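As structure tokens, the structure follows; a few thoughts come after it.
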Amino acid sequence: MDFKKVRTETTVVTRQKDQFYKGTGNIYETVVILTKRANQIAAEMKEELNKKIEEFATNNDSLEEVFENREQIEIAKFYERLPKPTLIAIHEFLHDEIYFRNPNKEVQDEF
Numbered sequence: 571m572d573f574k575k576v577r578t579e580t581t582v583v584t585r586q587k588d589q590f591y592k593g594t595g596n597i598y599e600t601v602v603i604l605t606k607r608a609n610q611i612a613a614e615m616k617e618e619l620n621k622k623i624e625e626f627a628t629n630n631d632s633l634e635e636v637f638e639n640r641e642q643i644e645i646a647k648f649y650e651r652l653p654k655p656t657l658i659a660i661h662e663f664l665h666d667e668i669y670f671r672n673p674n675k676e677v678q679d680e681f
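Residue numbers for the sequence shown, in the numbering used here: 571 to 681.
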């Protein structure tokens with residue numbers, strides 16, 4: 571996923587509660603879905619950030635020679651300005667961009 575292209579709010583916004591019943595019919599189920607998706611996004615972002623920072627890592631680290639790597643700082647600042655994973659997950663949910671299913675509901679429907 572390209573987090574740089576996500577166009578969502580970078581701060582928390584008040585939302586209508588009814589929007590979160592739309593897909594599931596249950597606010598608690600929606601919260602679980604949003605939590606799992608936000609965790610997935612956070613893991614992807616962390617992995618991507620670590621890969622980019624490793625490119626600029628130095629091999630000879632010593633306590634006497636500690637200096638700031640400018641490229642690493644700029645990359646970290648860029649990722650700090652991105653929307654938080656929770657806000658991205660909410661945006662995806664409200665725009666029907668998340669696929670989810672509840673296996674418990676599917677079993678109940680078969681009986």
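Backbone N, C-alpha and C fix where the C-beta goes; we use that ideal spot for every residue, glycine too. Keep in mind it's a predicted model, so treat the numbers as computed, not measured.
Counting only residues of its own chain and dropping the five nearest sequence neighbours on each side, residue 591 has a CB closer than 8 Å to the CB of 597 and 600. In the three-state scheme derived from DSSP, where H, G and I count as helix and E and B as strand, residue 653 is classed as coil. The C-beta of residue 613 has fewer than 16 other C-beta atoms within 10 Å across all chains shown, which makes the residue exposed.
As the crow flies, the alpha-carbon of residue 645 is around 12 Å from that of residue 615. A direct Cα-to-Cα measurement between residue 582 and residue 655 gives close to 12 Å.
It is roughly 6 Å from the alpha-carbon of residue 662 to the alpha-carbon of residue 668. Rounded to whole angstroms, the gap between the alpha carbons of residue 652 and residue 611 is 12 Å. Linking residue 665 to residue 673 through their CA atoms gives a straight-line distance of about 23 Å.
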